[in-house]
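Throughout, the working numbering is defined as the position within the sequence shown, counted from one, plus 40.
Virtual Cβ for every residue (Gly too), placed ideally from N, Cα, C.
Predicted, not measured: the structure shown is a model, and the values here were computed from it.
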Amino acid sequence: MRNLTESQHKILDTKRKVWPSELAFPETVYAGRLELVQQELRARELAGVLLFDPENMFWLTGYQTIGYFTFQAMFVRPSGNPVIVTRVVNHDMALAIPTIADAVPVFDTEDHIKVLETYIQNTTPKGRIGIETTSRYLNVHDYTRLTGLFGDRLAPFTGVIEARRMVKTAVEPVRG
Numbered sequence: 041m042r043n044l045t046e047s048q049h050k051i052l053d054t055k056r057k058v059w060p061s062e063l064a065f066p067e068t069v070y071a072g073r074l075e076l077v078q079q080e081l082r083a084r085e086l087a088g089v090l091l092f093d094p095e096n097m098f099w100l101t102g103y104q105t106i107g108y109f110t111f112q113a114m115f116v117r118p119s120g121n122p123v124i125v126t127r128v129v130n131h132d133m134a135l136a137i138p139t140i141a142d143a144v145p146v147f148d149t150e151d152h153i154k155v156l157e158t159y160i161q162n163t164t165p166k167g168r169i170g171i172e173t174t175s176r177y178l179n180v181h182d183y184t185r186l187t188g189l190f191g192d193r194l195a196p197f198t199g200v201i202e203a204r205r206m207v208k209t210a211v212e213p214v215r216g
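Below you can see the structure in the form of structure tokens.
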């Protein structure tokens, strides 16, 4: 259980404002992409996957931020929309995207791995979890901490989204 201050609660006590027009493509494109990833999760019998690569998060949900250089993780389950664990300054922006179910804020005074661990333990206490290990945005220190916390529950989940990003739909521009 996280102990947030009164001012932190006030920051989070805002009504969600969804902006579908912020998406680069129709929501149906993202729903199709999500289904592809979720089919892979079910085939591998994974309870979810942790994504760290901002390009993969954007491809999957349309979520983008200039804060790509700070910690953020997206958790995708075998059903439902993804949840993002991100700095509090990105909280409202993440919630504005209709393809994201929820945003778990990380305040600057908090340990981002502890926030992620708490979220996973509270929502997915059992089952194996895929982890995107080829992302440049998952540093060695954080990876080591995650493997120490979750051990054998973690399973590599690499190349799944990257291979699909190469295939364009009719609404996506193709560059030569």
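Can you give the Cα-Cα distance for Gly-199 and Arg-185, rounded to whole angstroms? 23 Å
Bridge partners for Gln-112 per DSSP, in chain order? Thr-126
Of the residues Leu-81, Ile-153, Thr-45, Arg-117, the one placed nearest Thr-126, counting alpha carbons only: It is Ile-153 whose Cα lies nearest to the Cα of Thr-126.
Residues in the same chain with beta-carbon distance under 6 Å from Leu-178, minus the five sequence neighbours each way, listed in chain order, please. Phe-92
Cβ neighbour criterion (16 or more within 10 Å) applied to Ile-106: exposed
List in chain order: all unbroken alpha helix (DSSP H) runs of 4+ residues lying wholly within the region 52-98. Given a length threshold of 4 residues, each whole run of the alpha helix (DSSP H) inside the region 52-98 is given here in chain order: 67-83.
Which word fits Val-207, buried or exposed, when buried means at least 16 other C-beta atoms lie within 10 angstroms of its C-beta? exposed
Taking all protein chains shown into account, do 16 or more other C-beta atoms lie within 10 angstroms of the C-beta of Gly-170, making it buried, or fewer, making it exposed? buried
Starting from Leu-194 and walking both ways along the beta strand (DSSP E), at which residues does that stretch end? 194-196
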